[in-house]
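Beneath this line is the structure, given in structure tokens, with notes to follow.
Residue numbers (our numbering): 83 to 385.
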């Protein structure tokens, strides 16, 4: 019998229910903890991954950002009947990849003592005793330094980031950064603490700025890609705020969210670029920005 195996983020209400039910069954029920104890206050701002075999959840894990460049993996669990088949490793690698895309450079986790060797094989280093859960389960603090994903265009991203910080003071104050660019999509992020209001959610203005500059940056990178030059201006824009952002946010856009031809710049004409940017909080869409950017040929701009 062929197995249907998927590694995914839970999306629907039923998938989330199955995900949390499995987490409770594996990590809380054996210690007589009530339903609900498998969740905490960071669920809505976290990234969740699960492996499903024949519609049954068999492995789970969660990532959340502690600050702009640090993340934590929690709630790792694999069905005891199929442990040793690499499913836990797949979950960790998926969470690490997501963390790297969001600008995380160091992962921390609190491993049960029995799982320390598993994490050591994945490159995590023991830092010392963390805590005792339910007066019997020893946890050990472990960390791992992440490197940029191999497809990330580091030099181009750094060039754009320097351009922002040198010419747009607000971007530097927000510590706006590009954590992922592979010529197909871009991911940006900013400092968590600076961009929070008195309600401990992200300023609407910071969300708008993050989205606007992500779109501007995408156009800048496409100009670079096609070896063209021009002055980029935002001609029109709108944003729809969907949910408050507690904790970290990141913005992303890609070829599938953009349209426009830059080649007209070679004819001395203005180029028009339309795109949308998604601002995310964990796995959840928090805002959608739509912008029209105009690229003015340098010779036209200098007249």
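Positions of the beta carbon are idealized from the N, C-alpha and C atoms, including for glycine.
What does a CB cutoff of less than 8 Å around residue i pick up in its chain, not counting 5 residues either side in sequence?
i: residue 351; result: 379
i: residue 386; result: Any property of residue 386 remains undetermined from this structure, which presents the chain solely from 83 to 385.
i: residue 282; result: 328
i: residue 179; result: 231
i: residue 91; result: 129, 130, 131, 132 and 365
i: residue 137; result: 86
Would you report the Cα separation of residue i and residue j, rounded to the nearest angstrom?
i: residue 258; j: residue 109; result: 37 Å
i: residue 269; j: residue 126; result: 20 Å
i: residue 313; j: residue 215; result: 57 Å
i: residue 227; j: residue 187; result: 6 Å
i: residue 457; j: residue 369; result: Because the chain is modelled from 83 through 385, residue 457 falls outside the range shown and cannot be assessed.
i: residue 103; j: residue 329; result: 25 Å
i: residue 151; j: residue 346; result: 40 Å
i: residue 266; j: residue 113; result: 46 Å
i: residue 209; j: residue 99; result: 34 Å
i: residue 111; j: residue 120; result: 9 Å
i: residue 149; j: residue 87; result: 33 Å
i: residue 182; j: residue 348; result: 37 Å
i: residue 135; j: residue 153; result: 28 Å
i: residue 118; j: residue 106; result: 8 Å
i: residue 184; j: residue 261; result: 6 Å
i: residue 245; j: residue 315; result: 15 Å
i: residue 247; j: residue 319; result: 22 Å
Which residues in the same chain have their Cβ closer than 6 Å to the Cβ of residue i, if we skip the five residues on either side of it in sequence?
i: residue 303; result: none
i: residue 204; result: 174
i: residue 340; result: 357
i: residue 355; result: 301, 342 and 375
i: residue 193; result: 201, 222 and 224
i: residue 147; result: 153 and 330
i: residue 317; result: 374 and 376
i: residue 124; result: 146
Just mark residue i as buried or exposed, buried being the case when its beta carbon has 16 or more other beta carbons within 10 Å.
i: residue 271; result: buried
i: residue 357; result: buried
i: residue 166; result: exposed
i: residue 298; result: buried
i: residue 337; result: exposed
i: residue 385; result: With a pLDDT of only 43 at residue 385, under the threshold of 50, the placement of this residue in the model should not be trusted; the figure read from the coordinates follows. The residue is exposed, with fewer than 16 neighbouring Cβ atoms inside 10 Å.
i: residue 325; result: exposed
i: residue 371; result: buried
i: residue 322; result: exposed
i: residue 252; result: exposed
i: residue 383; result: Because the pLDDT at residue 383 is just 44, under 50, the model does not fix this residue reliably, and the value given afterwards should be weighed accordingly. With fewer than 16 other Cβ atoms within 10 Å, it is exposed.
i: residue 189; result: buried
i: residue 115; result: exposed
i: residue 199; result: exposed
i: residue 170; result: buried
i: residue 85; result: exposed
i: residue 363; result: buried
i: residue 145; result: buried
i: residue 159; result: buried
i: residue 367; result: exposed
i: residue 243; result: buried
Quick one: residues in its chain with C-beta nearer than 7 Å to the C-beta of residue i, no 5 flanking neighbours on either side, listed in chain order?
i: residue 344; result: 304, 305, 308, 310, 353 and 377
i: residue 164; result: 140
i: residue 89; result: 131, 133, 172 and 176
i: residue 263; result: 234, 235, 238, 239 and 303
i: residue 273; result: 150, 256 and 257
i: residue 143; result: 131, 155, 157, 158, 173, 174 and 177
Taking the runs of the alpha helix (DSSP H) that are 4 residues or longer, which of them lie wholly in the region 143-200?
169-183
Cβ contact (3+ pairs, closer than 8 Å) linking the region 331-347 and the region 289-302
yes
Counting pairs of beta carbons, one from the region 231-249 and one from the region 308-324, are three or more of them closer than 8 Å?
no
Should the region 245-262 be called in touch with the region 272-279, which here means at least 3 C-beta pairs below 8 Å?
yes
Could you name each continuous beta strand (DSSP E) segment of 3 residues or more that falls completely within the region 237-318, going from the start of the chain to the end?
259-263 and 267-271
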